[in-house]
Amino acid sequence: MFKRFFVCTALLLLLAGAIFSEEGADISSSVDTTDSASIRSPETVGLTIGKAGEDVNFISDHVGIGTTSPGEELHLEQTVGNVNLRVRLPSGQTWDFGIRNVTDNQVPFVITPSNYVGIGTTSPGYKLDVSGNARFTGTVKGASATADDEFVTKGQISGGTVGYWAPNGSSIYNTNSGNVGIGTTSPTVGSSVRSSEGDNITPKLHIYSNTNNVHPTL
618 MFKRFFVCTA LLLLLAGAIF SEEGADISSS VDTTDSASIR SPETVGLTIG
668 KAGEDVNFIS DHVGIGTTSP GEELHLEQTV GNVNLRVRLP SGQTWDFGIR
718 NVTDNQVPFV ITPSNYVGIG TTSPGYKLDV SGNARFTGTV KGASATADDE
768 FVTKGQISGG TVGYWAPNGS SIYNTNSGNV GIGTTSPTVG SSVRSSEGDN
818 ITPKLHIYSN TNNVHPTL
């Protein structure tokens with residue numbers, strides 16, 4: 618037991634027990650112990666590990682890598698270039714990355730080995746799988762569609778349902794059976810157009826031929 622300060626400059630220190638220093642220890646060579654090793658400080662200064670002048674770890678309530686003044690429980694800092702964090706498993710192993718709420722044991726989001734991201738679910742089946750409502754305040758864009766119905770919205774609106782108008786070459790059609798109403802919610806024939814202007818009806822439907830503006834027969 619060393620009460621004040623312990624300094625070791627030997628090439629190798631081999632111990633069969635433990636080292637305890639009340640004030641501090643300065644070891645500038647290798648240390649090998651056959652017992653458990655515990656380095657603690659009774660003060661708030663914590664523990665610094667690294668080359669002289671280039672400390673890489675500071676352990677008190679916080680752990681700092683690349684900084685001697687960590688501001689969070691784990692603080693990574695790099696003065697030049699990017700900060701990288703690598704987690705590697707043996708070959709054949711799989712992993713999930715997520716954040717778990719200790720209070721209610723819920724996982725807000727997860728990234729699976731299949732490169733799927735789940736929000737509100739731990740078993741996403743798509744590149745982005747959201748369990749619950751999602752809000753977008755900007756533009757949602759899709760690109761490089763190669764099949765029918767790749768970008769489709771289906772749901773309900775107040776007063777009715779959303780139908781589908783599908784392109785087919787130069788034509789647009791609706792596969793639902795029934796009538797089409799413009800200005801009316803109760804069409805009685807295939808296409809019903811109703812004006813709200815009483816007896817003074819201004820034409821609301823114009824049908825033209827693409828040759829000389831000829832009016833085709835209805």
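Once you know that position 157 of the sequence shown is 774 in this note's numbering, the rest is easy, because the numbers rise by one and skip nothing. We put the CB at the ideal spot given by N, CA and C, even for glycine.
- Annotated three-state conformation of residue 681 is strand, per DSSP.
- Between residue 805 and residue 796, the C-beta gap is smaller than 8 Å, which places the two residues in contact.
- The three-state reading of DSSP puts residue 723 in strand, counting E and B together.
- Using a Cβ distance threshold of 8 Å, residue 713 and residue 736 do not count as a contacting pair.
- Annotation for residue 717: the continuous beta strand (DSSP E) segment containing it runs 714-718.
- For residue 702, there is no enclosing beta strand (DSSP E), since its DSSP letter is neither H nor E.
- Distance from the CA of residue 695 to the CA of residue 767, rounded to the nearest whole angstrom, comes to 43 Å.
- Counting along the chain, no beta strand (DSSP E) covers residue 706, and no H or E run does either.
- Boundaries of the beta strand (DSSP E) harbouring residue 809: 808-810, taken from the DSSP string.
- Between the alpha carbons of residue 739 and residue 683 lies a distance of about 33 Å.
- Annotation for residue 680: 674, 687, 690, 691 and 692 place their beta carbon closer than 8 Å to its own, counting only its chain and skipping 5 residues before and after.
- Here the alpha carbons of residue 794 and residue 706 stand approximately 57 Å from one another.
- It is roughly 18 Å from the alpha-carbon of residue 699 to the alpha-carbon of residue 685.
- Using a Cβ distance threshold of 8 Å, residue 725 and residue 732 do not count as a contacting pair.
- In the three-state scheme derived from DSSP, where H, G and I count as helix and E and B as strand, residue 757 is classed as coil.
- Using a Cβ distance threshold of 8 Å, residue 711 and residue 730 count as a contacting pair.
- Here the alpha carbons of residue 808 and residue 743 stand approximately 41 Å from one another.
- Listed in chain order, the non-local C-beta contacts of residue 761 below 8 Å within the same chain number zero, local neighbours out to five positions each way being set aside.
- Boundaries of the beta strand (DSSP E) around residue 735: 734-736.
- Residue pairing for residue 795: DSSP places it in no beta bridge.
- Between residue 703 and residue 716, the alpha-carbon positions lie close to 17 Å from each other.
- When C-alpha distances from residue 746 are compared across 723, 752 and 734, the shortest belongs to 734.
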